[in-house]
Structure formats: C-alpha cells, structure tokens
Amino acid sequence: MPSELETRPGVAAPRRPARVLTRLAGVTLLAGTLVAGVAVAAPVASAAAPAAAATVSAADAATRPPRTTHGPCAYTETPDEPAARPVPLPPDPRRTPARGSVRVTLVTNHGPIGLTLDRAAAPCTVQSFLHLVGKRFYDRTPCHRLTAYPTLSVLQCGDPSGTGEGGPGYRYRDELPTDLPPAPTDPTGERRVYARGVLAMANAGPDTNGSQFFLVYANSALRPNYTIFGEVDAAGLATLDRIAAGGVAPTAEDPAPVDGAPALPVDIRRAVRSHHHH
33 MPSELETRPG VAAPRRPARV LTRLAGVTLL AGTLVAGVAV AAPVASAAAP AAAATVSAAD
93 AATRPPRTTH GPCAYTETPD EPAARPVPLP PDPRRTPARG SVRVTLVTNH GPIGLTLDRA
153 AAPCTVQSFL HLVGKRFYDR TPCHRLTAYP TLSVLQCGDP SGTGEGGPGY RYRDELPTDL
213 PPAPTDPTGE RRVYARGVLA MANAGPDTNG SQFFLVYANS ALRPNYTIFG EVDAAGLATL
273 DRIAAGGVAP TAEDPAPVDG APALPVDIRR AVRSHHHH
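With the numbering used here, letter number 197 in the sequence shown gets 229, and the count goes up by one each step, no holes.
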C-alpha cells in the first residue's frame, strides 16, 4: 500500500554523508520523492555519487558548521546536499509573517496552476517558497513525478535537476497539520486525508523540507508528516487533471506504471508571485 512521499532515498552514496544517489533508470528511482510504499520504500542504491558532488569536497564541508539563519525558522545549510541551482538562505526575520495569504502562479506548458499560500498554516514554509519564487529557483524546472495509486494521487515538482534528489541547499523544520480527517482506506488509523487541491512539501524525513512540493489531484491517504502550506485553484486543478489523464510514462521494466515520470512532460516555465495582498 503506498504511503510516503520522500524527496530522496535514504541511502548514503560513497564518501558522501547524506542521501544523494545518482538516478537509476525507471521507477525504482522515482520511488525517491513522495515515495510509495512501506515495503517499496527501500530503494535500490546506485554505486556512484553524482559528478556534481565533487564541487564540494568532504574536507571543505567538514571545516565549518553549516550556516543557520538566526530567526525562528532556522533555515540550515546542507553542505552534503548542495543546491541543484544556486540560491542563498531565505530571509528569517524575528517576526515571521503568519497572517494572510499570497497568490503564486506556476506557468506550465499545460496551462496555469494557481496557488494560494497560507501564511498562518505554515509561515516558515511560505517564506521559503516565496524566497525561491523570487530567486527564480523554480523557473524552467520539470515536475518529475506523477503518482496514480488509488490512495496516492499527486504531481511532484520543485527539483531543478529533475531527478527527485535535488533541493535548494538548505533545510528547515516541519509545520505539520493537526486537524486532517482519518483516511477511510486505512484501517490502522495512521493515515490522514490529504484532499484534492492540497499543496504540501515533500521531504526526506522529519525536518528536511527544501524546495520539492506536491500537488494533490485526488484525495490521498498519507501519514500527517507533510507540511500543508496552501491550495490549488480551480484552473490549476483543471491543469492537473489534464496532466494526470496522460498517466505515468511507461518504461522497459514497467509498461503500465503508477509512479514515475509523467507521460506528458511537465515544465514550470516560470513561477510568479501576485502582489495583490489578501
């Protein structure tokens, strides 16, 4: 039964202290990000670290502690997981904005996906997301993963490398939902309903949020371990439905996959913040 959504498989590559793996062909790798499955979640490790990893030597990473911002959000560098696209740490004011909503539009090759970000629900997450939008981190990036399980129906985006392993070079803490209804499909009572239209962060375990996010196009059953920070508008849901209708791209190993790259490739051409305040 599919369960989790993680940004990276939890297996260390040689001489690299964290979870960076080279991408494998086919679906095993895409088990990487939102991740499916209790049993499935043990990914197959590849032997080599990505070539880009050579740019930060282990010695350099060890010479100083990772920088952390001084405000309440404590955005922390991840030297062992360098940014997929260079971006500074987000601003972290002493008073994180925690009221109101902000509109962002993802302009994709399939149409617009309008997002309403909820500062009250997840102030540090919204602040980071808006920072990445402002730095054009999301412009010209793919949405690398589509899932089509009966209990997990999401499109995952936010990794400029398109592998499911990339992020912004920093991490920050969870701001988890506490009021989600139990998933009727889960007799254990552990999973909750992440409803159609939810915008949430993918992660690689507790307090490892970065840049990857997922858009829920049909009610999904997940443990409440993923920060919800907004919702998708009606036009965005229509765009998501068109993408989902295309299904998951078949591979040699799996001619009818339910988890993998979208058959209709999805590109965020640009992410634009609306400055009309709500």
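Here a beta-carbon is modelled for each residue, glycine too, at the ideal position from N, C-alpha and C.
These numbers were taken from a predicted model, which means no experiment stands behind them.
Residue environment analysis places residue 211 among the exposed positions, since fewer than 16 neighbouring C-beta atoms fall within 10 angstroms of its C-beta. Between residue 152 and residue 207 the beta-carbon gap is near 10 Å, outside 8 Å, which marks them as no contact. Cβ-Cβ distances below 6 Å link residue 253 to 183, 215, 217, 218, 223 in the same chain, with the five nearest sequence neighbours on each side left out; the list follows chain order. The Cβ-Cβ distance between residue 109 and residue 202 falls below 8 Å. Taking each of 261, 229, 140 in turn and checking the Cα distance to residue 132, the smallest one comes out for 261. The Cβ neighbour count for residue 239, taken over all protein chains shown within 10 Å, is under 16; the residue is labelled exposed. Residue 273 sits exposed, since fewer than 16 C-beta atoms from the chains shown fall within 10 Å of its C-beta. With a cutoff of 8 Å on beta-carbon distance, residue 302 and residue 139 are scored as near each other.
The region 158-174 and the region 270-288 do not touch, with fewer than three beta-carbon pairs separated by less than 8 Å. With contacts defined by Cβ atoms closer than 8 Å, residue 144 and residue 229 do not form a contacting pair.
Here residue 159 carries a helix assignment [DSSP, helix/strand/coil].
The shortest C-alpha to C-alpha distance from residue 156 to any of 266, 105, 296 is the one to 105.
Cβ contact annotation for residue 243 (same chain, cutoff 6 Å, sequence separation greater than five): 164, 190, 199, 200, in chain order.
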